[in-house]
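All residue numbers in the sequence shown are consecutive under our numbering, ending with 1733.
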Amino acid sequence: MARIPRFARRTLSTQTTNAVTIRTSPAPAEEPQKVSPTWSATSPDQVTRRDPIENVPFELRVAAGYAWRLIVIGVALWGLMKILAATTSVVIPLAVAILLTGLLMPMTVFLNHKLGMARHAASAVTMIVFLSVVVGLLSLAGSQLVAGVTDLVRQAGVGVDRVTAWLEQGPLHLGGDQIAQYIQSGRAWLTDNSKTLTTGVLRASDTAKEFFAGALIALISTFFFLAEGDRIWAWTVRLLPGIMRDRVHEAFRRGYVTLGAYAKTQCVVAAVDAVFITIGAWALGLPLLIPMGLIIFFGSFIPIIGAVISASLAVLVAFVVKGPFVALIMLAIILVVQQVEGHILQPVLMSKAVSLHPLAVILGVVLGSFLLGMVGALFSVPFMAVINTVMLYWAGHDMFPGLADGMSAVGNSAKELSGEKNGSDDIEAVEEQAQDSTRYIGDITPEHLEKEARRLAKVRSQEV
């Protein structure tokens, strides 16, 4: 074995020692990393700021969101009211035409669907029949009014003497001097306000011209709505963005069903009011029966309030012609007819197509009359009924599921579309169960109403 030179052994020993030293020496400790502070007064870029909106309570943010949206809606409604006020000569006839369309459409559909008449021919026949009935009734009322006005004046004179005697000898014990003073005050008022009354007569003449012009617009519009209402509506819906068309179309189809049900029901109710109150007036021997009946009929189209106000004319005539005792009997007849109408007739005819609470009806009529006068009182309830149906559909509650199954909004009745006709027994059972569970004050909660609505909708959808 060859020997390693000395200088080579010295070099190898040095390298081995260094290698062992490197392997056995501990690794140097790592220096801890410096963590920069989250907030530093000298480094504003590193400051973590909290969103100020997060400091506002959630409930207050929700209330503020509702508030500004309601303000926007209020401004929009205010602008709409201004536009309607400036265009009443066109808007009111169109509204009347829409209401007449809902009333007359069943006859037009029968002529078109069952008898095979063309659209415009069926619409023309419907309008001719409608105008014949209206003109005939007005002519009959006018002839009776002309023939009986002399007799009425004579009876009114006797009635005034009777009322004067009752004021003197009745519970009020008014003296003849006091009555004469009241009469003299009335004559003085007429003399002082003669100019105002004359101006009112001239304004009434202008109003009559506007009335006939509006009636012509309403009749022409009704004719075209009956003949081409679906085409006009489809063209209107096509103006909307594509994403909105189906929802708007389906919602207002259901609104139209509600409008038609309301118009037909109010027509029947108004006819019943007019006929039975007129029969009561005939039994008491009152004059001007047909004019009185027509006034009650047209007045009854204003729900709840209209029939009472128009029927008060019969009480006034009875008081003047027959005296206070007969007037009280006439008032009792009117109240009985109103009770039968409100508690028996309307629930049977109206069904669930026009589901408005009586308080909502009264407030709607009062608010409508305050904003738009007689026109507002006439159209407030059908407007609310249509909006109620539309909003319920958009919220997921379909009042007429039959429309989703291919039934027609003009060819089927509201009861058929809502499922009441086919499944009336099941629906009545659900409603009776709901009434039994809520007969105590304080039992009704939002969850309870939601549950009953779902159960009723399920029964209707199964029957349809």
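Where a beta carbon is used, it is the ideal one built from N, C-alpha and C, also for glycine. On a predicted model such as this, the values are computed, not experimentally measured, just so you know.
Here Asn1381 is buried: its Cβ has 16 or more other Cβ atoms, across all protein chains shown, within 10 Å. Counting every other CB atom within 10 Å of its CB across the protein chains shown gives Lys1478 a total below 16, marking it as exposed. In this structure the segment 1585 to 1598 does not touch the segment 1563 to 1575; the number of beta carbon pairs closer than 8 Å is below three. Rounded to the nearest angstrom, the gap between the Cα atoms of Leu1636 and Ile1573 is 14 Å. Distance check between Val1644 and each of Leu1558, Phe1327, Ala1629 and Ala1354 places Ala1354 closest, using alpha-carbon atoms only. Distance between Ala1629 and Pro1651, taken at the CA atoms: about 12 Å. Around the beta carbon of Ser1687, 16 or more other beta carbons sit within 10 angstroms, so the residue counts as buried.
For Pro1326, the secondary structure class from DSSP, reduced to helix, strand or coil, is coil. Cβ-Cβ distances below 6 Å link His1389 to Ala1496 in the same chain, with the five nearest sequence neighbours on each side left out; the list follows chain order. A straight line joining the alpha-carbon of Tyr1531 with that of Arg1522 spans about 14 Å. With a threshold of 16 other beta carbon atoms within 10 Å, Ala1487 meets it and is buried.
Note that the C-beta distance between Gln1413 and Leu1557 is below 8 Å. Cα atoms of Phe1494 and Asp1674: separation of roughly 25 Å, rounded to the nearest angstrom. For Val1360, same chain residues with a beta-carbon under 7 Å away, outside a window of 5 residues either side, are Leu1353 in chain order. Within the model, the alpha-carbon separation for Phe1648 versus Ala1654 is close to 10 Å. Closest by C-alpha distance to Ala1583, out of Leu1600, Ser1569, Thr1377 and Met1396, is Leu1600.
Sequence-distant partners of Tyr1525 (beyond 5 residues in either direction) whose C-beta falls short of 6 Å from its own C-beta, in its chain, are Ala1678. If you check the CB distance, Val1544 and Gln1615 do not come in under 8 Å. Taken in chain order, the complete alpha helix (DSSP H) segments of 4 or more residues contained in the segment 1608 to 1677 are 1615 to 1619, 1627 to 1641 and 1643 to 1663.
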